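Enquirer: Structure provided below as structure tokens; questions to follow.
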Amino acid sequence: MRTGMVLVMAVCVGLWLGGCADDAADQAPGPGPGPGVESTAEVRPACQEDNDCPSMHLCAQQRCLRVCQAASDCAADERCHERSGLCRPLICEVDEDCPSFEVCAQGSCGLDPALPCRPGTIACDGTEVVTCSPTGERSARSCAPDGTCAVSGGVAVCVDFACEPGERTCLDWTVAGVCAADGAGVTEEPCGAGEYCSGGECRARVCEPGTAPRCEGGDVVVCDVRGSAERVLDICPGECSAGQCEDVPLGDGCEEGETLPCYGGTEPPSELGPCNLGERTCGADGVYGACEGWVPPSEERCVERDCPTGARERVLVAGVAPEVVSVLEAGGLTVRTVANASASDLADADIVVATAVQAIFDIGQLWSWVSVQGGVLVLAGTGSMAADCPLANPWLTALGVRFVCSARLSGSVSGLASHPLLSGLTGSAIPYGVGTRLDILEPSAWSVLYRVGESAAAVVSDERGCGQAVVLSHPEMVQPSSAPAAADFWSNFVEWVAR
Numbered sequence: 003m004r005t006g007m008v009l010v011m012a013v014c015v016g017l018w019l020g021g022c023a024d025d026a027a028d029q030a031p032g033p034g035p036g037p038g039v040e041s042t043a044e045v046r047p048a049c050q051e052d053n054d055c056p057s058m059h060l061c062a063q064q065r066c067l068r069v070c071q072a073a074s075d076c077a078a079d080e081r082c083h084e085r086s087g088l089c090r091p092l093i094c095e096v097d098e099d100c101p102s103f104e105v106c107a108q109g110s111c112g113l114d115p116a117l118p119c120r121p122g123t124i125a126c127d128g129t130e131v132v133t134c135s136p137t138g139e140r141s142a143r144s145c146a147p148d149g150t151c152a153v154s155g156g157v158a159v160c161v162d163f164a165c166e167p168g169e170r171t172c173l174d175w176t177v178a179g180v181c182a183a184d185g186a187g188v189t190e191e192p193c194g195a196g197e198y199c200s201g202g203e204c205r206a207r208v209c210e211p212g213t214a215p216r217c218e219g220g221d222v223v224v225c226d227v228r229g230s231a232e233r234v235l236d237i238c239p240g241e242c243s244a245g246q247c248e249d250v251p252l253g254d255g256c257e258e259g260e261t262l263p264c265y266g267g268t269e270p271p272s273e274l275g276p277c278n279l280g281e282r283t284c285g286a287d288g289v290y291g292a293c294e295g296w297v298p299p300s301e302e303r304c305v306e307r308d309c310p311t312g313a314r315e316r317v318l319v320a321g322v323a324p325e326v327v328s329v330l331e332a333g334g335l336t337v338r339t340v341a342n343a344s345a346s347d348l349a350d351a352d353i354v355v356a357t358a359v360q361a362i363f364d365i366g367q368l369w370s371w372v373s374v375q376g377g378v379l380v381l382a383g384t385g386s387m388a389a390d391c392p393l394a395n396p397w398l399t400a401l402g403v404r405f406v407c408s409a410r411l412s413g414s415v416s417g418l419a420s421h422p423l424l425s426g427l428t429g430s431a432i433p434y435g436v437g438t439r440l441d442i443l444e445p446s447a448w449s450v451l452y453r454v455g456e457s458a459a460a461v462v463s464d465e466r467g468c469g470q471a472v473v474l475s476h477p478e479m480v481q482p483s484s485a486p487a488a489a490d491f492w493s494n495f496v497e498w499v500a501r
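Numbering-wise, the working numbering comes out as the position in the sequence shown, counting from 1, plus 2.
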């Protein structure tokens, strides 16, 4: 009897308002109609319209059903449906007539409203996966902040965001992108003519790429490939004229035999290495000669030449990082701190540790300091690096470093565990992503920026000519006392620069 009653309920629920053909209920003998009420359960004449039915009956789904206002108007095996005002077959009388976790209401079985969820189900509720136990107990698991809940294969599961919803990024120099609200992907927004992408926004060019070098304040400058800024191509020891450095006359500091690095082509500094540079030599008359020995860049990496030797001991810390200063000083390094470093500070520094990205250096001087003089540039994020992304992009790109603010990458970098800067770090501290882009992911991973086209093995310590560019970002990078991985890094760093 229980099985039969459940089957009848399943068939009838979908036809509740239109009248359910309850053959099982029609054939089951009841205790009889109420006083003065003719039973309609045993025989119901077929009908097409109300006129086909007896008095006080209406035609519903080709059956004549009695009009009612109260239960007493219906037969004993029927009940008066409030919304339709018709006598309907009775499916249940008490809760025990219904399946588990359902209750009987107005002759119909339904979910117990006191239960917080439907037993035995798994569903999405916003970013949560909600599981309802067989006894109707609700439990939820949040997919935030790295993902959301989605139905896959009929099952509610957590899925990772492909990107941060609503976040903007640059897909390349000419295409901006915005992440969809569900984090599933990025919608492309191509920039118009005369625009370039920076910080996820299309901006008007400030100069025209491909134009000839020109003079600016004694320097030779050229527009970068995006048109975002003019870069210093050459620092003239004397005057600059028609996009070229003029010979330095006697008495302007040029001594016979003195040399200056130079380059005679039009490529921006981001494409040059020490092997591309030539030299201008001061003659007996105190005049620098023409740039000689320069070669255009090729696809092959430059080989270091004539790099400075000796320990790097002088450290300039730009920003607030007292714990890092303590570690460096304990390692025997001489440390000087400034709020904001400038190009003039480079002359007295072998190492620069910047705790926030700021456009404070002349690109030509910084490039020369790293590539020719062998300086070590360390960018250690304090949380502001990601916020400074629009500022960081142009000048890091000029150094040959690609900075991407929001692209999501996965997969650990291989071949880095043996690097001296990673010695002792846990697997979870190894940077993520292999390719030409790597973003700053806070606070989920240690992240590294590196030069376009470099192999994974060169990620952590990016060689730039004679120098190094080490770019890491994580709020704990400047808090070695509370972050073991950060403490290991700075300890490794002190030993590394002393070699």
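A virtual CB, placed ideally from N, CA and C, is assigned to each residue, including glycine.
Everything numeric in this text was worked out from a predicted model, so none of it was measured.
Could you say which of Arg-228, Gly-229, Cys-247 lies nearest to Glu-218 if we only look at CA atoms?
Expert: Position 216 of the sequence shown holds residue 218. Measuring from the Cα of Glu-218, the nearest candidate turns out to be Cys-247.
Enquirer: Quick one, are the C-beta atoms of Gly-259 and Glu-281 less than 8 Å apart?
Expert: Working through the sequence shown from its first residue, we reach residue 259 at position 257. Working through the sequence shown from its first residue, we reach residue 281 at position 279. Cβ atoms of Gly-259 and Glu-281: not closer than 8 Å.
Enquirer: Where Asp-352 and Ser-328 are concerned, what is the direct C-alpha to C-alpha distance, given to the nearest angstrom?
Expert: Working through the sequence shown from its first residue, we reach residue 352 at position 350. Working through the sequence shown from its first residue, we reach residue 328 at position 326. So the alpha carbons of these two residues sit roughly 18 Å apart.
Enquirer: Compute the distance between the beta-carbons of Cys-76 and Cys-94, then report whether it is under 8 Å.
Expert: Counting from 1 along the sequence shown, the entry for residue 76 is found at position 74. Counting from 1 along the sequence shown, the entry for residue 94 is found at position 92. Result no, Cβ atoms of Cys-76 and Cys-94 do not sit closer than 8 Å.
Enquirer: Runs of 3 residues minimum, wholly inside the region 117–176: which ones carry the beta strand (DSSP E) assignment?
Expert: 124–127, 130–134, 140–144, 149–154, 157–162, 170–174
Enquirer: What does the alpha-carbon distance come out to for the pair Leu-92 and Cys-70?
Expert: In the sequence shown, residue 92 corresponds to position 90, counting from 1. In the sequence shown, residue 70 corresponds to position 68, counting from 1. If you draw a straight line from the Cα of Leu-92 to the Cα of Cys-70, it comes to about 14 Å.
Enquirer: Which word fits Arg-81, buried or exposed, when buried means at least 16 other C-beta atoms lie within 10 angstroms of its C-beta?
Expert: Along the sequence shown, one-based indexing puts residue 81 at 79. Per the 10 Å Cβ criterion, buried.
Enquirer: Where does Ser-346 sit, in a helix, a strand or coil, going by DSSP?
Expert: Here residue 346 is taken as the residue at index 344 of the sequence shown, counted from 1. Three-state DSSP puts Ser-346 in a helix.
Enquirer: What are the partner residues of His-83, as DSSP defines its beta bridges?
Expert: Start at 1 with the first residue of the sequence shown, and residue 83 comes out as number 81. Beta-bridge pairing links His-83 to no other residue.
Enquirer: Where does Val-157 land, buried or exposed, given buried means 16+ other C-beta within 10 angstroms?
Expert: The residue you call residue 157 lines up with position 155 of the sequence shown. Answer is exposed; the Cβ neighbour count stays below 16.
Enquirer: Using 10 angstroms around the beta-carbon of Arg-143, count the other beta-carbons present and answer buried if the total reaches 16, otherwise exposed.
Expert: Position 141 of the sequence shown holds residue 143. Burial call: exposed.
Enquirer: Rounding to the nearest angstrom, what Cα-Cα distance links Ala-286 and Cys-264 in this structure?
Expert: Locating residue 286 in the sequence shown gives position 284, where the first residue counts as 1. Locating residue 264 in the sequence shown gives position 262, where the first residue counts as 1. Taking the straight line from one Cα to the other gives about 20 Å.
Enquirer: With H, G and I counted as helix, E and B as strand and the rest as coil, what does DSSP make of Pro-324?
Expert: Taking the sequence shown and counting its residues from 1, one reaches residue 324 at position 322. Pro-324 falls in the helix class under three-state DSSP.
Enquirer: Let's test the definition: count the other Cβ atoms within 10 Å of the Cβ of Pro-147 and tell me whether it reaches 16, buried, or not, exposed.
Expert: Working through the sequence shown from its first residue, we reach residue 147 at position 145. By the 10 Å Cβ count, Pro-147 comes out exposed.
Enquirer: Can you tell which of Val-380, Pro-215, Gly-128 has the C-alpha that lies nearest to the C-alpha of Cys-145?
Expert: By 1-based counting over the sequence shown, the position of residue 145 is 143. Checking every option, the nearest Cα to that of Cys-145 belongs to Gly-128.
Enquirer: Taking just the CA atoms, how far does Arg-233 sit from Ile-365?
Expert: By one-based count along the sequence shown, residue 365 stands at place 363. By one-based count along the sequence shown, residue 233 stands at place 231. Bear in mind that the predicted position of Ile-365 carries a pLDDT of just 43, short of 50, making it too unreliable to give a figure here.
Enquirer: Give the DSSP-derived three-state secondary structure of Asp-352 in the structure shown.
Expert: For this step, residue 352 is matched to residue 350 along the sequence shown. Coil.
Enquirer: Can you tell me whether Arg-120 is buried or exposed, with buried defined as 16 or more other CB within 10 angstroms of its CB?
Expert: Here residue 120 refers to the residue found at position 118 of the sequence shown. Exposed: under 16 other Cβ atoms inside 10 Å.
Enquirer: Helix, strand or coil for Glu-331, going by three-state DSSP, please let me know.
Expert: Taking the first residue of the sequence shown as position 1, residue 331 is located at position 329. Of the three classes helix, strand and coil, the one that applies to Glu-331 here is helix, per DSSP.
Enquirer: Would you mind reading off the limits of the beta strand (DSSP E) that contains Tyr-522?
Expert: Only positions 3 to 501 of the chain appear in the structure, and residue 522 is not among them; the question remains open.
Enquirer: Just the Cα atoms here: how many angstroms apart are Leu-279 and Leu-262?
Expert: As a first step, residue 279 must be located in the sequence shown, where it is residue number 277. As a first step, residue 262 must be located in the sequence shown, where it is residue number 260. Approximately 10 Å, taken between the alpha carbons.
Enquirer: Return the bridge partner residues of Ser-1 from the DSSP annotation.
Expert: Because residue 1 is not part of the residues shown, which for the chain are 3 to 501, the question remains open.
Enquirer: Taking all protein chains shown into account, do 16 or more other C-beta atoms lie within 10 angstroms of the C-beta of Thr-137, making it buried, or fewer, making it exposed?
Expert: Against the sequence shown, residue 137 aligns to sequence position 135. Thr-137 sits exposed, since fewer than 16 C-beta atoms from the chains shown fall within 10 Å of its C-beta.
Enquirer: Quick one, which of Gly-185, Ala-62, Thr-150 has its alpha-carbon nearest Pro-167's?
Expert: As a working note, residue 167 is residue 165 in the sequence shown. For Pro-167, the closest alpha carbon among the candidates Gly-185, Ala-62, Thr-150 is that of Gly-185.
Enquirer: Under 8 Å, do Gly-196 and Ala-206 count as touching if we go by C-beta distance?
Expert: The count along the sequence shown starts at 1 and reaches residue 196 at position 194. The count along the sequence shown starts at 1 and reaches residue 206 at position 204. Taking 8 Å as the Cβ cut-off, Gly-196 and Ala-206 qualify as a contacting pair.
Enquirer: Which residues in the same chain have their Cβ closer than 8 Å to the Cβ of Tyr-198, if we skip the five residues on either side of it in sequence?
Expert: By one-based count along the sequence shown, residue 198 stands at place 196. Counting only Cβ-Cβ distances below 8 Å, and skipping sequence neighbours, we find Trp-175, Thr-176, Cys-204, Arg-205, Arg-207, Arg-228, Gly-229, Ser-230.
Enquirer: Tell me, to the nearest whole angstrom, how far the beta carbon of Val-355 is from that of Val-326; I am working on the premise that it is less than 8 Å.
Expert: Counting from 1 along the sequence shown, the entry for residue 355 is found at position 353. Counting from 1 along the sequence shown, the entry for residue 326 is found at position 324. With 8 Å as the limit, Val-355 and Val-326 qualify as a contact, their Cβ atoms being about 6 Å apart.
Enquirer: Mapping DSSP to helix, strand and coil, what is Ala-231?
Expert: For the purposes of this step, residue 231 is taken as the residue at position 229 of the sequence shown. Coil at Ala-231, not helix or strand.
Enquirer: Val-406 by DSSP, collapsed to three states: which one?
Expert: Position 404 of the sequence shown, counted from the first residue, corresponds to residue 406. Low confidence applies here, because Val-406 scores a pLDDT of 35, under 50, leaving its location unreliable; read the following figure in that light. Looking at Val-406 - three-state DSSP - the assignment turns out to be strand.
Enquirer: So for Val-208, helix, strand or coil by DSSP?
Expert: Your numbering for residue 208 matches position 206 in the sequence shown. Of the three classes helix, strand and coil, the one that applies to Val-208 here is coil, per DSSP.
Enquirer: Mark Phe-495 as exposed unless 16 or more other C-beta atoms lie within 10 angstroms of its C-beta, in which case mark it buried.
Expert: For this step, residue 495 is matched to residue 493 along the sequence shown. So Phe-495 ends up on the buried side.
Enquirer: Distance check for Trp-492 and Pro-482, CA to CA, integer angstroms please.
Expert: Position 480 of the sequence shown, counted from the start, is the residue given in the question as residue 482. Position 490 of the sequence shown, counted from the start, is the residue given in the question as residue 492. Cα atoms of Pro-482 and Trp-492: separation of roughly 8 Å, rounded to the nearest angstrom.
Enquirer: Taking DSSP's pairing of strands, which residues face Glu-95 in a bridge?
Expert: Residue mapping note: residue 95 aligns to position 93 of the sequence shown, counting from 1. Beta-bridge partners assigned by DSSP to Glu-95: none are found.
Enquirer: With 16 other CB atoms within 10 Å as the buried threshold, where does Pro-33 fall?
Expert: The residue you call residue 33 lines up with position 31 of the sequence shown. Note that Pro-33 scores 39 on pLDDT, short of 50, meaning its location in the model is unreliable and no value can be drawn from it.
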